[in-house]
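**Q** Before anything else, here's the structure in question.
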Amino acid sequence: MAGYSFDMENYMTRESFTKIKEFASTKETPFLVTSLGVVARKYDELKESMPYANVYYAIKANPSVEVLKLLAARGSCFDIASVYELDLVLSLGIPPGRLSFGNTIKKACDIRYAYEKGVRFFATDAESDVRKLAKNAPGSDVFFRILTDGLGADWPLSRKFGARPGVIFQNILLARELGLNPRGVSFHVGSQQHDVTQWRGALATCRELFDAAGKKGITLDLVNMGGGFPAHYLSSVEETPVYAEAVTGYLREFFDSDFPRIIVEPGRYMVGDAGILVTEVVMISNKEGEGGVSWLYLDVGKFSGLIETLDESIKYPIYSEQTGDVRDYVIAGPTCDSLDILYEKTSCRLPSNLEEGDRLYFLTTGAYTQTYSSIFFNGFPPLKSYVIA
Ligand SMILES: *Cc1c(COP(=O)(O)O)cnc(C)c1O
38 MAGYSFDMEN YMTRESFTKI KEFASTKETP FLVTSLGVVA RKYDELKESM PYANVYYAIK
98 ANPSVEVLKL LAARGSCFDI ASVYELDLVL SLGIPPGRLS FGNTIKKACD IRYAYEKGVR
158 FFATDAESDV RKLAKNAPGS DVFFRILTDG LGADWPLSRK FGARPGVIFQ NILLARELGL
218 NPRGVSFHVG SQQHDVTQWR GALATCRELF DAAGKKGITL DLVNMGGGFP AHYLSSVEET
278 PVYAEAVTGY LREFFDSDFP RIIVEPGRYM VGDAGILVTE VVMISNKEGE GGVSWLYLDV
338 GKFSGLIETL DESIKYPIYS EQTGDVRDYV IAGPTCDSLD ILYEKTSCRL PSNLEEGDRL
398 YFLTTGAYTQ TYSSIFFNGF PPLKSYVIA
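The numbering of the sequence shown is this note's numbering, which starts it at 38 and goes up by one.
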């Protein structure tokens, strides 16, 4: 069982933490603080390690306006999942030429809306969607998403998205027949992917589809490698250059030095490390009596941004300023729903002298938190979100 003992210095410098803590001290919990400096560093690090790749930030991970503006200023493009995200980026003056409509599940009217706003770049994985695209976004560039199994990922995105290569091949032919412009192949190896070799199998399939399409006179020239690059949660991960080197090696293996246009769509990687979620202990209960594990109830839970603790998949480092002995706790949220337990199987070792009213800091919460929080479950408001330099 993973414990919750960790070294703060592995996650951020003392100075960064002190800065966030000072900012947080005047605010009422619970809330998320996202640090722009960290996002900038992550973007730069990725561009440095994979200079050939076009970055399309997956907005859904953290759609804070400040984050989007920062990335736009650095030259990032954006992967949008809905017309609402489309409106958001357009309202910031980001041109539609920098957008990819990456969701394969779309209503015809939403495709039409995006097309009217100037979007010409769409993901697809189904015949029905190809037909909707041909009708509502005629002539657009499309890329085709293949299935992956999500092995090695803490938060797999398998099964629901993508189709088998044979199906994709038929869709490529259909797209051309219907006047669309088949550009390439995409995949997502699963979010928080620990196993960098997962990119290899997907790239091998891309190569096969390039060759098969080529035989039909269709030149594919784009590979969208999706997301999957990790953030730093409790279990350790390889650093960006290690991922980049391996992936670049696979690209060379399948495409020699003549890379197609390469896209990456980092979400979690870009913003995960940049966030700290600040919460307060509401109640501590020794419900099992002597020798039992104490329950720690917080003012955040599964319904206020921590849904990725489902099945205890994502293990956030939790920091307390109390020092001294530690002991195991079960950690749960504040709502009247028994699903709202964050960690029960994972032993959470936190200071034994924790008291109600103490603050806890969930590190690495910049991705997939605030937007997941419910709007009024049990009357609790959505998680507040602040962005600092
Ligand atoms: C969610 C998503 C991403 C981002 O994935 P991460 O693992 O968070 O980097 C990228 N591309 C698509 C199509 C997605 O749906």
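Cβ atoms here follow ideal geometry from the backbone N, Cα and C, with glycine treated the same way.
Using a Cβ distance threshold of 8 Å, determine whether the stretch 308-317 contacts the stretch 275-288, with at least three qualifying pairs required.
**A** Contact fails: fewer than three Cβ-Cβ distances are below 8 Å.
**Q** Can you tell which of Gly155, Tyr380, Pro133 and Ser341 has the C-alpha that lies nearest to the C-alpha of Phe414?
**A** For the purposes of this step, residue 414 is taken as the residue at position 377 of the sequence shown. Comparing Cα positions, the closest option is Ser341.
**Q** Exposed or buried, which one is Thr50 when buried takes at least 16 other CB atoms within 10 Å?
**A** The residue labelled residue 50 in the question sits at position 13 within the sequence shown. Exposed, by the Cβ-count rule.
**Q** Go through the stretch 42-105 residue by residue and report every complete run of the alpha helix (DSSP H) that reaches 4 residues or more, in order.
**A** Runs of the alpha helix (DSSP H) inside the stretch 42-105: 51-62 and 73-86.
**Q** Just how far apart, CA to CA, sit Thr316 and Ser62?
**A** Taking the first residue of the sequence shown as position 1, residue 316 is located at position 279. Taking the first residue of the sequence shown as position 1, residue 62 is located at position 25. About 11 Å.
**Q** What are the boundary residues of the alpha helix (DSSP H) that Leu335 is part of?
**A** Sequence index remark: in the sequence shown, residue 335 carries index 298 (1-based). It is not in any alpha helix (DSSP H) - Leu335 instead sits in the beta strand (DSSP E) that spans Ser331 to Leu335.
**Q** Can you check DSSP and say which residues form a bridge with Pro388?
**A** Position 351 of the sequence shown, counted from the start, is the residue given in the question as residue 388. Pro388 is bridged to Val363.
**Q** Using 7 Å as the cut-off, classify the Cβ of Phe266 as near or not near the heavy atoms of ligand 1, replying yes or no.
**A** Mapped onto the sequence shown, residue 266 falls at position 229. Checking the Cβ of Phe266 against ligand 1 gives yes.
**Q** Any idea what DSSP makes of Ala39, helix, strand or coil?
**A** Taking the first residue of the sequence shown as 1, we reach residue 39 at position 2. With a pLDDT of 33 at Ala39, under the threshold of 50, the predicted position of this residue should be treated as unreliable, though the coordinate-derived value follows. Of the three classes helix, strand and coil, the one that applies to Ala39 here is coil, per DSSP.
**Q** Using the C-alpha atoms, what's the distance from Ser322 back to Val120?
**A** Reading the sequence shown from its first residue, position 83 is the one you call residue 120. Reading the sequence shown from its first residue, position 285 is the one you call residue 322. Cα to Cα, the separation comes out at about 45 Å.
**Q** Name, in chain order, the residues that DSSP records as bridge partners for Cys114.
**A** As a working note, residue 114 is residue 77 in the sequence shown. Paired residue(s): Tyr93.
**Q** Which residue from Asn390, Tyr356, Ser101 and Ala190 puts its Cα closest to that of Arg364?
**A** Along the sequence shown, read from residue 1 onward, the residue named residue 364 stands at position 327. Closest by alpha carbon: Asn390.
**Q** List the endpoints of the continuous alpha helix (DSSP H) containing Asn208.
**A** Counting from one through the sequence shown, the residue named residue 208 turns up at place 171. Start and end: Pro202 to Glu214.
**Q** CB-CB under 6 Å to Val167, same chain, minus the five flanking residues each way: which ones, in chain order?
**A** As a position in the sequence shown, residue 167 is number 130, starting the count at 1. The answer, listed in chain order, is Thr161, Asn208, Leu211 and Ala212.
**Q** Only counting the same chain, and skipping five residues up and downstream in sequence, which positions put a Cβ closer than 7 Å to that of Val319?
**A** Counting from 1 along the sequence shown, the entry for residue 319 is found at position 282. Tyr334, Leu335, Asp336, Pro371 and Glu393.
**Q** What did DSSP end up calling Leu397 once you bin it into helix, strand or coil?
**A** The sequence position of residue 397 within the sequence shown is 360, counting from 1. Note: Leu397 maps to strand in three-state DSSP.
**Q** How far does the beta strand (DSSP E) with Asn261 in it reach, from first residue to last?
**A** Residue 261 sits at position 224 when you count from the first residue of the sequence shown. Note, Asn261: beta strand (DSSP E), Leu259 to Asn261.
**Q** Any heavy atom of ligand 1 closer than 7 Å to the CB of Glu275?
**A** As a working note, residue 275 is residue 238 in the sequence shown. No - ligand 1 has no heavy atom lying nearer than 7 Å to the Cβ of Glu275.
**Q** So if DSSP puts Pro219 in a beta bridge, which residue, or which two residues, is it bridged to?
**A** In the sequence shown, the residue the question calls residue 219 occupies position 182. In DSSP, Pro219 forms a bridge with Val179.
**Q** Checking 8 Å against the spacing of the C-beta atoms, do Asn91 and Arg298 come in under that value?
**A** Taking the sequence shown and counting its residues from 1, the one referred to as residue 91 is at position 54. Taking the sequence shown and counting its residues from 1, the one referred to as residue 298 is at position 261. Yes, they are a contact pair.
**Q** For His231, which of His225, Leu188 and Lys84 has the nearest alpha-carbon?
**A** As a first step, residue 231 is located in the sequence shown; it is residue number 194 there, counting from the start. Closest option to His231, Cα to Cα, is Leu188.
**Q** Could you tell me which residues DSSP puts in a beta bridge with Phe158?
**A** Counting from 1 along the sequence shown, the entry for residue 158 is found at position 121. The partner list for Phe158 (beta bridge, DSSP) reads Asp178.
**Q** Taking only the alpha-carbon atoms, compute the straight-line gap between Val427 and Leu397 and give it to the nearest angstrom.
**A** The structure shown does not extend to residue 427, since the chain is modelled only from 38 through 426, so no value can be given for it.
**Q** What do you reckon, is the C-beta of Asp116 under 7 Å from a heavy atom of ligand 1?
**A** On the sequence shown, residue 116 is found 79 positions in, with the first residue counted as 1. Yes, Cβ of Asp116 sits closer than 7 Å to a heavy atom of ligand 1.
**Q** In chain order, what residues of the same chain lie with their CB nearer than 8 Å to the CB of Val367, ignoring the 5 residues before and after it?
**A** What you label residue 367 is simply residue 330 of the sequence shown in a count that begins at 1. So the list reads Val330, Ser331, Trp332, Leu333, Ile378, Tyr380, Glu381 and Cys385, once near-sequence residues are dropped.
**Q** Please indicate yes or no: does the CB of Lys97 lie closer than 7 Å to some heavy atom of ligand 1?
**A** For the purposes of this step, residue 97 is taken as residue 60 along the sequence shown, with counting starting at 1. Result yes, Cβ under 7 Å from ligand 1.
**Q** Taking the C-alpha atoms as reference points, what is the distance between Val328 and Phe54?
**A** Here the question's residue 328 lines up with position 291 in the sequence shown. Here the question's residue 54 lines up with position 17 in the sequence shown. Note on residue identity: the sequence assigns Gly, not Val, to residue 328. Computed Cα separation, rounded: 35 Å.
**Q** Less than 8 Å between the beta carbons of Ala151 and Lys169, yes or no?
**A** Position 114 of the sequence shown, counted from the first residue, corresponds to residue 151. Position 132 of the sequence shown, counted from the first residue, corresponds to residue 169. Contact: no.
**Q** Where does Ser119 sit, in a helix, a strand or coil, going by DSSP?
**A** Your numbering for residue 119 matches position 82 in the sequence shown. Coil, per DSSP.
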